[in-house]
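S.K.: Chains as they are written, first to last, in numbering that gives the first Met the number 0: chain B, 0 to 325; chain X, 0 to 315; chain H, 0 to 293.
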Amino acid sequence: MTAAPLLSVRDLTVSFNSRFTAVREASFDIHPGELVGVVGESGSGKSVSALAVMGLLPPTASVTGSIHFEGRNLLALPRRELRKLRGRDIGIIFQEPMTSLNPVFTIGDQIAEAIRVHSPMSKKAAWDRATELLEKVGVPAPRRRLLDYPHQLSGGLRQRVMIAIALSSSPKLLIADEPTTALDVTIQAQLLDLLNQLRQDFGTAILLITHNMGVMAEVADRVVVMYASRIVEQAGIFDLFDRPQHPYTSGLLGSTPELDGEARRLRTIAGAMPNPAELPPGCLFAPRCPKAIAACLDLQPPLLPITPLQSAACIRAPGLISEGAR
Amino acid sequence: MFGYIISRLLQAIPILILVSLIAFGIIYLIPGDAAVVIGGPSATPEELAQIRQNLGLDQPLYIQILTFYIHLFQGDLGRSLTLGIPVVDALLARSPITIGIAIYSLVLTILIGLGTGMLAALNHNRWIDQAATLFALLGVSLPNFWLALVMIVLFSVHLGWLPTGGYVPFTTDPVGWLRSATLPAVALALMQAGLLTRITRSTMLEVLNQDYIRTARAKGLPEWIVVGRHALANVMMPIVTMIGLVLSVLLSGSIVIETIFGVPGIGSLLGSAISNRDYPMIQGGLLFVTTALLLLNIVIDLLYTSLDPRIRVRGR
Amino acid sequence: MTDIIHEPSRLALALDTTRYWLRRLAANKSFLLGAILFGSICLVTVLAPLITSVDPNALSVRNRFKPPSEVYLFGTDNLGRDMLSRVLNGARLSLGIGFAVVILNAVFGVLLGAIAGYYRRLDDLLMRIADALMAFPAVLLAIGIAAALGPSAATAIIALAVVYIPRTARVVRASILVARELDYVQAARAAGARDGRILWHHIMPNCMAPLIVQLSFVFAYAVLSEAVLSFLGLSAPPTVPSWGVLIAEGRTYLREAAWLTVIPGIAIATTVLGLNLLGDGLRDVLDPRMKVEQ
């Protein structure tokens, strides 16, 4: 953990049309080979953060803060440089495997294209490499699949093709934006195994975005919890599950069914995430928080370090309170 | 695929029968005695009898219909009253000229429509977009024969760039053909280009929002490949289906446009048939053009089927 | 009985809805611009006698080929006739024919569309006939019909109606097919309501939006196509010059008196542009399903 981070995001704020802000002052690091999970409800700003790292936000978005990748600030990089970085150093897998491939080109064409844009080689060589990639991501009969069109493949296979495209230039960082949401449970498990495998085999750092705590528990080293555009807690996976500091995290854990299937009553968090256009003053979670006190309504707390490896944006965090009591 | 072609052709048969029946029936719309209308007020009773006999108007209706279809199957659309030659011969002799200009015009339509529509979509809500939208609206609102006349005033009379009319066959002088065909082709193209601009723009806006465009960007592809390859390939699909409609309006317009520019194609042939009350020619021309369009639409359908992999595989 | 009791509230409701749609339409730029363009053309047409009292057919050999000026706003033609008066008079004919085509479309389009959409047995036959009529290039068919009927305003109206009614009927049929499956229509049928009542009270209101949009475009096409017909001498006789006739007459003097051609064309273009904008706006507001983009 002392080595320089691969990706270092500081005070990332993204707003659209200067009307609503999707991400506020988000800061987190990813080290080489690490699998960091970002968890939160839809609309909490997870995907927008990922797109910001890729530089794929629409022109209506205004982005401030910094995103350093291998020491270079991506937000200050010329468009051409950023484009070269995309796909080569940072790969991304999207949530929607059914629609993320171009319907009118073959699978082979789309993988080979991703290979050749970053390392010029003959079409033949690119297609050979595409075959290898498909094999690596576990697509049966890869040669034959290359000639297929996306609509001929199942969702699971399409997502594997997306992974193959994302891995085509052996990126140092792979962003996986809810890669399993659209797929059924068995394929979810297979894909998670695949991601884990890739990390072990190639040392690829992975930023895994999900709203599923169970998935986190299985693969993540460290977790970033987002709520209504803010990071509310960051911790190693064991700390997070054993000693959640933010009430929202506790709520999320409560609403996750036990993986071993033991029947436990699912606790859900009452209420809904605030409308990003009309945020309440003070802590954004306060209106739904079971532990909220009057002070919570006054001020949005920053991320407060609890231990060197865990921090939470909550003045009522148990770690803080017990410390204060000591 | 072969089975699909056969079934498409079979589907076209009832339409073709109805279309020919409508074309046949046009002559019965002539108020009063058709022979008198055709022969004019000065026609003698003998001449009228001759006209009736030529057109088969002296026969019972069912015989007339039967004869019409028997002749039709033999490729006989009757004889032109003014030219004295078979209608089919006249149409076939003139059609290469009209086809040439139609293709020229279609190419212009697609280039202008696709180009302007893409430009508008890529500059969504900026002034280029608004200018393109205005152009598209004007395109579908200006009468094309009027536009032809205005272009003659502008480019021929005032600027002297292009001839005011006349037609140079492609085979004798390709450059001369291009000069003589440009104004008619542009006049025919602008209306359709407006239509195509609107469709391209809205399709492109939709396509640019698709997930696969994001994927293409995420691969690190340069923007011109993202737009020129990934987006364009998907925009082309609906455009291909429009070609039939574009050609249909194009051929409608050629009657006036060919007459204005003195292009000796099917359009001006029908134009003079109308002023000469040459009904067999009008009937034949209607049927000829419409049948050609119906067959062309089948070809376009097949083309579309082979372009779009999603349909192609189902048809296989 | 129930009808009488509900009448006032229904009227109030209808007024409320009308006010609601008017407000939505007023906020639509396309509709507003179209309404202004087309509205002013209509206004000028209606007020023509107040604007100029000059006889559109009055000859004045001394004043031939006068370019547009303060005296002759639109100039004069080869016989010294006042173009302003001729264009204004032509408007009555061009708009009148277009409007007649729209009315015929509304009546027969709805009738045939409703029959096809509601009585499935007739659907196939009617739609095949519509397909056949629509297989002809629109203007070409109109020209063919008009050529047979002989030149007159009625000819142009009939020819254009025949061409556009199948298209309108298709639009009506399509929305009826959707509407007849709606729950409350099914319920009315189950309750034993008569076909006519179901069609008129329950189904037709659902077809109004697409119909109105379609009719505004038919108006635009009709004005444009009538210009072609009259240019070819297939519409009203030259004594009542419509805009197409004016262009045809001006064509001979294109070199020396371009205004004779240009001005009537601008009149057509303004009308059609206005109607197209109106149609676009109506479609955006009334029938968002037909909308392709935001």
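Glycine included, C-beta positions come from ideal geometry on N, C-alpha and C.
Owing to the predicted nature of the structure, the values given are computational and were not obtained by experimental measurement.
Could you tell me whether the Cβ atoms of H:F73 and H:T270 are closer together than 8 Å?
M.R.: No, the Cβ-Cβ distance between H:F73 and H:T270 is not below 8 Å.
S.K.: So who's on the other strand from H:D81, going by DSSP bridges?
M.R.: H:T75, per the DSSP bridge assignment.
S.K.: Which of the three DSSP states is assigned to B:N72 in this structure?
M.R.: Of the three classes helix, strand and coil, the one that applies to B:N72 here is strand, per DSSP.
S.K.: Which whole-angstrom value describes the C-beta separation of X:V185 and X:W176, a residue pair presumed to lie in contact below a C-beta threshold of 8 Å?
M.R.: X:V185 to X:W176, Cβ: 14 Å. No contact.
S.K.: Using a C-beta cutoff of 8 Å, does B:N16 count as contacting chain X?
M.R.: So no, B:N16 is outside the interface.
S.K.: Closer than 8 Å by C-beta to B:D259: which residues in its own chain qualify, once you throw out the five before and the five after it? Chain order, please.
M.R.: The pLDDT assigned to B:D259 is 46, lower than 50, so where the model puts this residue is not dependable; a value taken from the coordinates is nonetheless given after this. Taken in chain order, the list of residues that qualify is empty.
S.K.: Identify every residue that forms a DSSP beta bridge with B:I327.
M.R.: Since the first and last residues shown for chain B are 0 and 325, residue 327 of chain B lies out of range.
S.K.: Name the two residues that bound the continuous beta strand (DSSP E) containing B:Y226.
M.R.: Taken as a continuous stretch (DSSP letters only), the beta strand (DSSP E) holding B:Y226 covers 221 to 226.
S.K.: Alpha carbon to alpha carbon, what distance is there between H:I197 and H:G191?
M.R.: Their backbone Cα atoms lie some 10 Å apart in a straight line.
S.K.: So, using beta-carbon positions, are B:P57 and B:A204 closer together than 8 Å?
M.R.: Their beta carbons are not under 8 Å apart, which means B:P57 does not touch B:A204 by this criterion.
S.K.: Please list, in chain order, the chain H residues whose beta carbon lies closer than 7 Å to that of X:I297.
M.R.: Correct list: empty, because the minimum Cβ distance to chain H is about 12 Å.
S.K.: Quick one: is X:H157 near chain B, going by C-beta distance under 8 Å?
M.R.: Closer than 8 Å: no.
S.K.: Beta strand (DSSP E) containing B:I230: first to last residue?
M.R.: Its beta strand (DSSP E) spans residues 229 to 235.
S.K.: What is the DSSP secondary structure of X:R200, counted as helix, strand or coil?
M.R.: Here X:R200 sits in helix by DSSP.
S.K.: Would you identify the three-state DSSP class for H:H201, choosing helix, strand or coil?
M.R.: Three-state DSSP puts H:H201 in a helix.
S.K.: Residues of chain X with CB closer than 9 Å to the CB of H:L148, please, in chain order.
M.R.: Per Cβ cutoff of 9 Å: L28, I29, P30.
S.K.: Anything in chain X within Cβ reach of B:S61, meaning under 8 Å, just list it in chain order.
M.R.: The contacting residues do not exist; B:S61 stays about 17 Å from chain X at best.
S.K.: Which same chain residues end up closer than 8 Å to X:P237 when comparing Cβ atoms and leaving out the 5 residues on each side of it in sequence?
M.R.: Contacts found: I198, T202.
S.K.: When the Cα of B:P279 is compared with those of B:L298, B:D220, B:R128, B:L252, which residue comes out closest?
M.R.: Cα-wise, what sits closest to B:P279 is B:L298.
S.K.: Should X:G284 be labelled buried (16 or more other beta-carbon atoms within 10 Å of its own) or exposed?
M.R.: The residue in question, X:G284, is buried, as its Cβ has 16 or more Cβ neighbours within 10 Å.
S.K.: What separation, rounded to the nearest whole angstrom, lies between the Cα atoms of B:V160 and X:L76?
M.R.: Those two C-alpha atoms are separated by around 59 Å.
S.K.: With DSSP run on the structure shown, which of helix, strand or coil describes B:A262?
M.R.: The predicted position of B:A262 is uncertain, since its pLDDT is 41 and thus under 50; a value taken from the coordinates is nonetheless stated next. The answer is coil: DSSP assigns B:A262 none of H, G, I, E or B.
S.K.: Between the stretch 233 to 250 of chain X and the stretch 172 to 183 of chain B, are three or more C-beta pairs nearer than 8 Å?
M.R.: Too few Cβ pairs lie closer than 8 Å, so no.
S.K.: Looking at the structure shown, is B:H67 part of a helix, part of a strand, or coil, going by DSSP?
M.R.: The answer is strand: DSSP assigns B:H67 an E or B state.
S.K.: Can you pull the chain X neighbours of B:E348, defined as C-beta to C-beta under 8 Å?
M.R.: With chain B covering 0 to 325 only, the question about residue 348 of chain B has no answer from this structure.
S.K.: Would you call the stretch 166 to 175 of chain B and the stretch 193 to 207 of chain B touching, i.e. three or more CB-CB distances under 8 Å?
M.R.: Yes: at least three Cβ pairs fall under 8 Å.
S.K.: Quick one, are the C-beta atoms of B:V52 and B:L84 less than 8 Å apart?
M.R.: Cβ distance not < 8 Å, so B:V52 and B:L84 don't count as in contact.
S.K.: My parser needs the beta strand (DSSP E) runs of 3 or more residues fully inside the stretch 7 to 85 of chain B; what are they?
M.R.: Entirely contained in the stretch 7 to 85 of chain B, the beta strand (DSSP E) runs reaching 3 residues are, in chain order, 19 to 29, 34 to 38, 60 to 68.
S.K.: Going along chain X, which residues have a C-beta under 9 Å from B:F93?
M.R.: Within chain X, the residues near B:F93 are D210, R213, T214, A217.
S.K.: So that I know if they touch, is there some Cβ in chain X lying closer than 8 Å to that of H:A257?
M.R.: Output row for H:A257: interface = yes.
S.K.: Contact criterion: CB-CB distance below 8 Å. Does H:D130 meet it with respect to chain X?
M.R.: Yes, contact with chain X.
S.K.: Please tell me whether H:V227 has its Cβ less than 8 Å away from any Cβ of chain X.
M.R.: Yes, H:V227 counts as interfacial toward chain X.
S.K.: Taking just the CA atoms, how far does B:F237 sit from B:L265?
M.R.: The predicted position of B:L265 is uncertain, since its pLDDT is 45 and thus under 50; no value can be drawn from it.
S.K.: With distances taken between CB atoms, is the gap from X:L121 to X:V206 smaller than 8 Å?
M.R.: Against a cut-off of 8 Å, the Cβ pair of X:V206 and X:L121 comes out as no contact.
S.K.: Name the chain B residues that come within less than 9 Å of X:L220, Cβ to Cβ?
M.R.: Simply R82, R85, G86, E112, A113, V116.
S.K.: Between B:L100 and chain X, is there a C-beta pair that is closer than 8 Å?
M.R.: Output row for B:L100: interface = yes.
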